[in-house]
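> This is the structure, below, for whatever I ask next.
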Amino acid sequence: MAAPTGAVRRRRRWPRLSRWIHTWRAKLLLLLLGFAIVPLMAQALWDYLATRRAFETSTLEAMEGLAHAKAQALEQLTSDRKTQVERIAGLLTPRVRALATAADVGAIPRSRAPGELPVLRDAEALPTSGPAAPSQSDEAEPKGYSAPPEPLLQLREALALLLWDQRQFEELLVIDPRGRVVASTHKEHEGHDAEALAYFRGGLGVTYVQPVFLSPLTHRLTLVIATPIRDPERGVQGVLAARLNLESLFQVVTETTGLGETGETVVARRDGDRVVFVAPTRFDPGAALQRSLRVGDPRGRPIEEAIAGRSGRARAHDYRRRDVLAAWEQVPSLDWGLMVKIDRSEALRPAVDAGLRALALAIPLVLGVFAVSWLASRALVQPLVELRAAADRISRGDLDVALDIRSRDEVGELTDSFDRMVAAIRFFREHTRAEDEEPVE
Amino acid sequence: MAPGGGSAVGELYRDIVRIARNFMGPAAEDYVRRRIRIVQQGDAPERITGDRIERLAAGIDMTAKVYMGPFKAAVFRDAILGLRERYPPERGDGGAGPTD
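Respectively, the protein sequence lines represent chains A and B. Numbering of the first sequence is given in our numbering, commencing with residue 7 and proceeding in unit increments. Numbering of the second sequence is given in our numbering, commencing with residue 580 and proceeding in unit increments.
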């Protein structure tokens, strides 16, 4: 015998279900459920997706606004610091001129043998507590000077006062046109050679901003703004270099207002084939100059776009491989890219919560609809079931059937017809029998 | 149509059969003829008059229960009684006669 097919096997395994599924009651139940629940669910799903889209769009707009505001704040901060440095350079011009004049008449040695000079990088052991108040008594003289001349003392005093007053800088240095540090708020740096340093070379022509770098000795991040000290009569007399206190800059970056629990700001710059983070992030305080992404890495795409000068907003994956909603913008004066982002799961949480609440309401509703559909299908089909049972009894010769169906619909009409049929059968059977029993004349 | 006696002969019969068809189907005419014959003591059923309606209804009330449920039998009886408005009994005829 041939093996039963899959459908036959299923019918054998679930005979009652198979029978039930072909009944009018099952069809009606499914029809009622379909009409009641499917549109409801479709509408709810549509609303849920629309809400998610709305939340995503509004979050991206918020991120874009924050990115723009932060980029503008960093830009403004840098611009203010550059202006401050230029103003300080202007204030120092008479003192630098006096120092140069004194050097011209021989009071100060003009230069030292190149071989004897240490490089500035070797002397980066900056005090971590910030600059001290100016004091004449405890000054240690740099090498090469037998006694500090009056113009140098005045320049040092001016630098110290300005540094004390500003608090925005960690150190102020005056470098002569040949690259020698002639005065500094940290006197141990005086006399060092800065000729090879980028900020000296850049600062000779225009105001120059050296990118953030990490001091290998102090382990502190620093940024230098250098500007030429111009004498209207004698031209460029040197370079004023200011080491910026990065606290306020980083404060803008690490500020998390409007970023919820998972939002953060990332700033980075391009360094060769890497995109290097230049400031701490919310979830990685040690990210500055320590964390980087390879150029072309999808996780670094938004920040690369920002560094390249393009702004935008999109759903992306961040350096933590999180699904985020991000917006990015360039900070041109620092050559940085800035990205503000928030985890997508957090941004959409209100929509998800609303969806869950709707689901919690929908479950009892669906159960209610199911119960009503069940009762309705039963009420609709029950007369048919009774009629079928009555017809079944009549077919077996039992005419003693009584239907108690009082309905004015089509089923009621069918019942009436059935009753008429039963009455006629009873009548004919009774009288045929009676006639059969009458004696033949 | 002339209500009452002879002029409505045949017409009342047809109305009774029409009503009976709603309850007895194809057996209606046989059933009605049997009931009327009893009411009229063998007279032609087509000649039934309005004064026999109540007796006919009483007979239907008793016998129809054999063929249908009591509720329907009562409805059948009332429908027959409803013909009295259209075919009122002739004066002086109390409708006396045998019943089932």
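Even for Gly, the Cβ is constructed at its ideal location relative to N, Cα and C. Just so it is clear, the structure is predicted and the values come from calculations on it, not from any experiment.
Confirm, please, whether the CB-CB distance from Q90 (chain A) to Q174 (chain A) is below 8 Å.
Cβ atoms of Q174 (chain A) and Q90 (chain A): closer than 8 Å.
> List, in order along the chain, the chain B residues whose C-beta lies closer than 7 Å to that of A452 (chain A)?
With chain A represented from 7 up to 447, any question about residue 452 (chain A) goes unanswered, as that position is not in the structure.
> According to DSSP, is M345 (chain A) part of a helix, a strand, or is it coil?
Strand at M345 (chain A).
> Using the Cβ count rule (16 or more neighbours within 10 Å means buried), how would you classify A643 (chain B)?
The residue in question, A643 (chain B), is buried, as its Cβ has 16 or more Cβ neighbours within 10 Å.
> Just list the residues that DSSP pairs A180 (chain A) with in beta bridges.
According to the sequence as given, residue 180 (chain A) is Val; it is not Ala. The partner list for V180 (chain A) (beta bridge, DSSP) reads A:A189 and A:L246.
> Using alpha carbons as the reference points, say which of A:Q172, A:G244, A:L34 and A:L38 lies closest to R1 (chain A).
Since the first residue of chain A shown is 7 and the last is 447, residue 1 (chain A) is not available in this structure.
> Using a Cβ-Cβ cutoff of less than 7 Å, which residues in the same chain neighbour I309 (chain A) once the five nearest sequence positions on both sides are dropped?
If we look at I309 (chain A) and ignore the five residues flanking it on each side, its Cβ neighbours are V272, A274, V281, W334, G343 and M345.
> At which residues does the beta strand (DSSP E) containing V645 (chain B) begin and terminate?
First-last for V645 (chain B): undefined, no H or E at that position.
> Among residues of its own chain, excluding the 5 on either side of D594 (chain B), which ones have a beta-carbon nearer than 7 Å to its beta-carbon?
Excluding positions up to five away in sequence, the list reads L662.
> Measuring straight from C-alpha to C-alpha, what distance separates T29 (chain A) and I617 (chain B)?
One C-alpha to the other measures close to 49 Å.
> To the nearest angstrom, how far is the alpha carbon of A60 (chain A) from that of G315 (chain A)?
Distance between the alpha carbons of A60 (chain A) and G315 (chain A) is about 28 Å.
> Rank A:L179, A:A104 and A:G211 by C-alpha distance to the C-alpha of V230 (chain A) and give the top, closest one.
Looking at the Cα atoms, A:L179 is the closest of the given residues.
> Show which residues of chain B have a CB atom less than 9 Å away from the CB atom of D404 (chain A).
None at all; the shortest Cβ gap to chain B is about 15 Å.
> Among the residues of its own chain, which have a CB less than 6 Å from the CB of A248 (chain A), if the five just before and after it don't count?
The answer, listed in chain order, is V91, F175, L178 and I231.
> Tell me the DSSP secondary structure of P155 (chain A) in three-state form.
Here P155 (chain A) sits in coil by DSSP.
> How many angstroms separate the CA atom of A353 (chain A) from the CA atom of S64 (chain A)?
When rounded, the distance between both Cα atoms is 9 Å.
> What's the call for S383 (chain A), buried or exposed, on a 16-neighbour Cβ count within 10 Å?
By the 10 Å Cβ count, S383 (chain A) comes out buried.
> In chain B, which residues lie with their C-beta within 9 Å of the C-beta of D415 (chain A)?
Near D415 (chain A) there are no residues of chain B at all, since even the closest Cβ is about 17 Å away, more than 9 Å.
> Counting only the same chain and skipping the five closest in sequence on each side, list residues whose C-beta sits under 7 Å from that of A32 (chain A).
Once the five neighbours on either side are set aside, the close Cβ partners of A32 (chain A) are W26.
> State buried or exposed for Q336 (chain A), treating a residue as buried only when at least 16 other CB atoms are found within 10 Å of its CB.
So Q336 (chain A) ends up on the buried side.
> Taking the DSSP output, what are the residues bridged to G318 (chain A)?
Answer by DSSP bridge pairing, in chain order: A:W334.
> If we call anything under 8 Å between Cβ atoms a contact, is P539 (chain B) one with I632 (chain B)?
Because chain B is modelled from 580 through 679, residue 539 (chain B) falls outside the range shown and cannot be assessed.
> Report the CB separation of A320 (chain A) from A312 (chain A) in whole angstroms; it is logged as a contact under 8 Å.
In fact, because the Cβ distance is near 12 Å, the residues do not count as touching under 8 Å.
> Comparing C-alpha positions only, which one of A:L365, A:A368, A:R300 and A:T268 sits nearest to R328 (chain A)?
Nearest C-alpha to R328 (chain A): A:T268.
> With a CB to CB cut of under 7 Å and the five nearest residues on each side skipped, what residues in its chain are close to E74 (chain A)?
The question names Glu, but residue 74 (chain A) is His in the sequence shown. Within the same chain, H74 (chain A) has close Cβ partners E335.
> Within 8 Å (strictly less), CB to CB, does G629 (chain B) reach chain A?
So no, G629 (chain B) is outside the interface.
> Could you name the residues of chain B that A408 (chain A) contacts, counting a contact when the two beta carbons are closer than 7 Å?
Those are G648, listed as they occur along chain B.
> Among residues of its own chain, excluding the 5 on either side of I369 (chain A), which ones have a beta-carbon nearer than 6 Å to its beta-carbon?
Result list for I369 (chain A): empty, nothing under 6 Å.
> Under the three-state reduction of DSSP, which class applies to F175 (chain A): helix, strand or coil?
In the structure shown, F175 (chain A) sits in a strand (DSSP, three-state: E or B).
> DSSP beta-bridge partners for L229 (chain A)?
L229 (chain A) is bridged to A:L250.
> Using a C-beta cutoff of 8 Å, does R426 (chain A) count as contacting chain B?
Chain B contact via Cβ: present.
> With a threshold of 7 Å on Cβ separation, who are the neighbours of R87 (chain A) within its own chain once the five nearest residues in sequence on each side are excluded?
Closer than 7 Å at the Cβ level, and outside the excluded window around R87 (chain A), lie Q174, I231 and L250.
> What residue range is occupied by the uninterrupted alpha helix (DSSP H) comprising Q388 (chain A)?
Where Q388 (chain A) is concerned, the enclosing alpha helix (DSSP H) stretches over R355 to S401.
> If we ignore side chains and look at the alpha-carbon of each, how far apart do Q49 (chain A) and L55 (chain A) end up?
Q49 (chain A) and L55 (chain A): Cα-Cα distance of roughly 10 Å.
> I think R432 (chain A) touches V645 (chain B), with their Cβ atoms under 8 Å apart; what is that distance to the nearest whole Å?
The pair is a contact, with the Cβ atoms about 7 Å apart (cut-off 8 Å).
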